[in-house]
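Here is the structure we will look at.
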Amino acid sequence: MFPIINWSLVSLETLVGLTLVFLVVVDIVLPKKVERDWIGIFSFIALVGLSIFWLTQGSLSGTTFNGMFVMDSLAWFFKGLFLITMIFVFAMTQEFFKSLGERRNEFYLLLWLALMGMCLVASSADFLLLFISIEILTISLYVMTAYLKSDKLSIEAGMKYLILGALSSGFFLYGISFLYGATHSTHFDMIQNFVGTHAMEPLTIFALVLIFAAVGFKIAAVPFHMWVPDVYQGAPTPVTALLSVGSKAAGFVMLIRLFLGVFSAWHMQWGMALAILSAVTMTFGNLVAMYQTNIKRLLGYSSISHAGYLLMGAAAGTALGASGINFYLLGYLFTNLAAFLVIIVFSIATNSDEIADYAGLSKRSNLLALTLLLALVSLAGMPPLAGFFGKFTLLMSVIKSGYIWLALIAGVNIVISMYYYMMVAKKIYVDPPHSTSPISVPLSIRLLLTVAILGIVVIGIFQGPFLDAAISAVQGMYLSHL
Amino acid sequence: MITPNLSWILLLPLLGLGIVCLIPADKTALIRRVSNIAVLVPFLLSIWVYAAYDQVAGGFQFVQYIPWVVPFGISYHLGVDGINSLLLLLLGAASFSAVLISASIKERIKEYYVLLLITVIGTYGAFLSLDIFFFYFFHEVAAVPVFLMIAIWGSERREFAAMKLTLYLVAGAAIALIGLIGLYLATGAQTFDLVQIQQQLALHPLPINVQNWVFPLIVLGFGITLTLWPFYTWAPVGYAEAPTAISMLHAGVLKKMGAYAIIRFAIQLMPQAAHAWMPIVAGLAIVNIVYCGLVALTQRDLKYLLSYSSCSHMGYILLGLACFNVIGINGVVYLMFAHGIMAALAFALTGYVEDQTKTRNLDELGGLLKCMPFIGTCFMMAAFASAGVPGFANFVAEILVLLGAWHQYLWLTVFAVFGLVITAIYMLKAIRLGFQGPLNPRFAKLVDAQSMNEKLPFLILLVLLILVGCLPSVILTHIGSSTQAIAQGIR
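Just so you know, the protein sequences line up as chains A and B, in that order.
Its first residue numbered 2, the first sequence is counted upward by one per residue in this note's numbering.
Its first residue numbered 54, the second sequence is counted upward by one per residue in this note's numbering.
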């Protein structure tokens, strides 16, 4: 019998899907001669419309498709993050691919597909749907990473990402099958029942490790981080931005749903493992980032270290930790997107991503220099910017759960990261410029930069409403035992 | 009666900062004028707050309270007692002088004033906050502006100095933050509000095992800000290479945030742990006094000499903190003020000398009293103050600390007194080499501070130094009720 579907719960995904199908069909049906540049602008407007629609969905909760699909406060929160990210990424694409002409329009379709995947990841309540949605997301990312056909680095990045991504998908499926063997189900609620009533045994440990490998690949946690530097450097910068924010957030919504929801009863067993991974990840990312000369690689390693900070919230295993992750990601989103916007404008103007070329940026464009400075300071976690309160919340969560040593390691890491962020800040504000030609910033990017700066500052100073949102996202979570 | 509104002390300079940001970078005269006003206004307000504070009633006054982050119990809570109203006055005077003295900055003026104003506002915020979160928040706001100011406008080794100072301070802050969060979680009161935590802990003191890990973290973290030996090495190089205004503010005021935090959040809230740990700090304090003093003796660079001297004098503050009696705490608060004014004055004068002569090397300087009598005289006064000559504020403060420490740490106090002798030696050496003796012919044409505008920043600080030195009772009665309350709590 065909299950009864509650379409209101899936309305956002339906609209995304319809837009995607519409664009694909139009792209095929329209004669080759017809101008297609409107696709970008149409997509942008559609995204803004979807964001407004998303605002009305805050109170939805429930499951449908036989319990495979769940719409709850957590999914709602993350879909908001994904939509904001996409608005930025679409605008970045518009600028970045100006030189590509027609081929740019196919890129938008891939972006829509990635958005679809991310939204489904946030709403999965069954391992099969989760696997499929992760694949939707990742496959579109493979293609986008290798999109610059004439650029060796881009091809290499796409290849690396594909091979390691396929490996991680394999791990994930393997883990799911072991878990199915133990629990006889792929449904999250059934598995949670099983976890609540059974102790951990070798079979389930094995399954959990494999599943974490897949999550770790998405969030770029050590030792599943190998792809990050090369892919971040080689991929077209809008894709790098999407990887560092959207794809990472998708990984964390999985992590929260699985490890703070489904497997939360076993927290005693995996909590310490995650704490150790968190410490290793943040330390590794920061130590290696110190030696980078390419800004995209630097942000790549820095994004590994941020995965480490974020893992603290998961290691804590509490509602506070999960809220901390949510808040941190919200601040991280604006911060990192601001940085990547600057990188895109800079690389279009100077054709370079080398940190050495950023020397004296403040004399060439005030706005770019200021934005990058604020982004770096926020990433370093200094008040009054968004990154500070995120770190504060996560530190609080681990101390509350008794991992004081982890908090101290995080403290050391804040100092290390301060060093390399400030080295870049010094480059842009202190060193003399190689060339004095001013860099012009297009109006659309100027607007986005302003939005990003406002995001960084407002979240950093008026933390209350955003923290409330992050907390209520966890409180209304499906299958939550926190 | 109209009572001062503490938020204005934050908001008006913030408004000034906003205006400076909007002025085009080439209108330098206007930028300077707006910045001067933006620090003068809070200075005047601080004087008003100081005068209006009711020292008989004591406690926190002019309180403002807005809940900020409800789930964590964070609130925008401003208020002053005797201690922080005095520190506001210190900050007001030092920041006003520092901005006036910045007239000698000639390049990237707009950026300079923007960063300087952020630093000043952050420090005001820290001294005004009665919420532990917001204290920390404001105290960290200054970190990045200070880094940039040293790196851009500093002298020769500026980039190294900026990075070293920033990394040390951030490390200290991170350690302290973990301690503060631990404190928050351990009280169980779900609030960062200092007043509520005080009440809670008065009824239910923290268990000793919690105090024993939270207390050292807070003291170590803020101790780094306060140049606790052996974590002081950022300060000499940082102060020496920084632009004058930052040396003044940092040595004078910003590092005092460390002492303030140790009094308020560590000693007062966790007296049992304080009794266990502070004797160790007292021992380190003596190393501070003697070791840094001896290093200062060997310096040929005037700014390095003053920087080491500043680290050495922090030893007295740390020693006073370890006394647990009202005399000692009075001495600490008094010394925070006196040393702040003295350090700001000495660095301001050194900056003036360096601007004129292009050197700070004592071997090249000499006889400056002949060509700049005003500056030279002021410097001599500052040096005397630093050496603890009666009549200046530092004398009163240091005597109080030594008296307070006498019964607790007899032998340490003997060494601390010895530190005063060392100070006298290097300060006299600085005067002799720099300002007396034959005038280097290179400097024959130098001009003294002429107009009132040029003299004003020095005069404000000098007048305060002497006034407070001659009338100690003014300050002692002002801070009396607040320090008394702390001393009773920790006995």
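Built from N, CA and C at the ideal position, the CB exists for glycine as well.
All of these numbers come straight from a predicted model, not from anything done at the bench.
Residues Ala387, Gly388, Gly391 and Ile460 of the same chain have their beta carbon placed closer than 6 Å to that of A:Gly332, with the five preceding and five following residues left out of the count.
Against chain A, the beta carbon of B:Phe432 has no neighbour under 9 Å; the closest one sits roughly 31 Å away.
With a cut-off of 8 Å on Cβ pairs, the stretch 409-426 of chain B is not in contact with the stretch 332-342 of chain B, counting fewer than three such pairs. Taking C-alpha positions only, A:Phe225 is separated from A:Ala266 by approximately 25 Å. Within chain B, not a single residue places a beta-carbon under 9 Å from that of A:Lys428; the smallest gap is close to 10 Å. DSSP, reduced to helix, strand and coil, places A:Ser398 within a helical segment of the structure shown. Within the DSSP bridge table, the entry for B:His257 names no partner.
Exclusion of the five residues before and after A:Gly59 leaves Trp77 as the residues of its chain whose Cβ lies within less than 7 Å of its Cβ. At a C-beta separation below 9 Å, B:Val73 has no neighbours in chain A, since its nearest C-beta there lies roughly 14 Å away. Taking the CA atoms as reference points, A:Gly252 sits about 6 Å from A:Val216. Listed along chain B are Met216 and Leu220, each with a C-beta nearer than 8 Å to that of A:Tyr420. Taking C-beta atoms under 8 Å as the contact rule, B:Leu139 and B:His531 qualify, at a distance of about 7 Å. Here DSSP, grouped into helix, strand and coil, assigns B:Ile119 to strand.
Contact annotation for B:Val197 against chain A: Val378 and Met383 [CB-CB distance below 7 Å, chain order]. Assignment of beta-bridge partners to A:Thr351 by DSSP yields no partner. Residue range Ile127 to Val133 is occupied by the beta strand (DSSP E) that includes B:Val133, with no alpha helix (DSSP H) assigned at that position. Neighbours of B:Ala298 in chain A, taken as residues at a C-beta separation under 8 Å, are lacking, since the least C-beta distance is about 17 Å. The bridge partners DSSP lists for A:Thr65 are A:Phe70. Close CB contacts of A:Pro384 within its chain, under the 7 Å cut and outside five residues either way in sequence, are with Gly461 (chain order).
A:Asp358 is bridged by DSSP to nothing; it lacks a bridge partner. Shown here, A:Ser125 sits in a strand according to DSSP, grouped into three states.
By the CB criterion at 8 Å, A:Gly318 and A:Gly272 fall inside the cutoff. Secondary-structure assignment with DSSP links B:Asp246 through a beta bridge to B:Asp184.
Of all residues in the stretch 218-251 of chain B, only Thr219, Leu220, Val223, Ala224, Ala227, Ile228, Leu230, Ile231, Ile234, Gly235, Tyr237 and Leu238 come within less than 8 Å of chain A when Cβ atoms are compared, listed by chain position. Of the candidates A:Ser155, A:Leu138, A:Asn194 and A:Thr184, A:Leu138 places its Cα closest to the Cα of A:Ala167. In the structure shown, B:Asn414 falls within a strand segment according to DSSP collapsed to helix, strand and coil. Taking a contact as a CB-CB distance under 8 Å, the pair A:Ser245 and A:Leu330 does not count as one, their CB atoms being some 11 Å apart. For the C-beta of B:Ile261, not a single chain A residue is nearer than 8 Å; the gap to the nearest is close to 17 Å.
At a cut-off of 8 Å between beta carbons, A:Leu312 makes no contact with chain B.
Non-local beta-carbon contacts of B:Trp101 in its own chain, meaning distances under 8 Å to residues more than five positions away in sequence, involve Pro57 in chain order. According to DSSP, B:Asp354 shares a beta bridge with B:Asn414.
Burial check for A:Val240: the Cβ neighbour count within 10 Å reaches 16 or more, so the residue is buried. In the DSSP assignment, A:Gln476 falls within the unbroken alpha helix (DSSP H) covering Gln464 to Gln476. Ranked by Cα distance from A:Ile415, the options A:Pro434, A:Leu395 and A:Lys297 are led by A:Leu395.
Under the three-state reduction of DSSP output, B:Gln114 falls in the strand class. Interface with chain A (8 Å Cβ-Cβ cutoff): B:Ala293 is excluded.
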